[in-house]
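A quick write-up on the structure given underneath.
Residue numbers (the working numbering): 391 to 585.
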């Protein structure tokens, strides 16, 4: 019984890590790299691996003492892909097909199965952003982190040397430009190549 309690108990919140200049500088470079890597994925699709990566990254950032209160408003990514939703709907449809024949009359059986089949087909036409976090939404979340870091850098709270300040600012501005460009491209119409 004690084993079960230990398994179900929420882990205690770890102590916050000091967010010093070295960690800030490394995080600024990491944001630039992360922004460039997110540009490689389809903006309108949910990428489960990237959602899990973002959730782990955001959880890691929330362990820093100066970042934790500022990042509290950023929600974790929802790693739910279309194939998972459709698989769940198909499993429910099969269960209904097997369980309903002896319970309801034949007309209701056909109406329920037909309606559920229509729901499965309709799931293909719903945008993935309704039930999962698309790459575009991940980029927006990373952009919010970059904006928070830029605010901290401009406030002078970390007291960087001039060279380190400008290198960190360069990395953050490059990440911001890349993320804004990708978000802008995601909102443009998909007309195909211009000839």
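By construction, the Cβ of each residue, glycine as well, lies at the ideal position given by its N, Cα and C atoms.
Here the structure is a predicted model, which is why all the values come from computation and not from measurement.
Inter-segment contact for the stretch 507–527 and the stretch 464–477 is present: three or more beta-carbon pairs are separated by less than 8 Å.
Collapsing the DSSP output to three states places residue 510 in a helix.
Nearest to residue 480 by C-alpha distance, out of 504, 490 and 510, is 510.
Of the candidates 540, 415, 488 and 525, the residue whose Cα lies closest to the Cα of residue 443 is 525. Distance from the Cα of residue 419 is smallest, within the candidate group 558, 543 and 566, for 558.
A check of alpha carbon separations from residue 523 across 537, 431 and 512 identifies 431 as the nearest.
In the three-state reduction of the DSSP assignment, residue 454 falls in the strand class, which pools E and B. Under DSSP, the beta-bridge partners assigned to residue 407 are 454.
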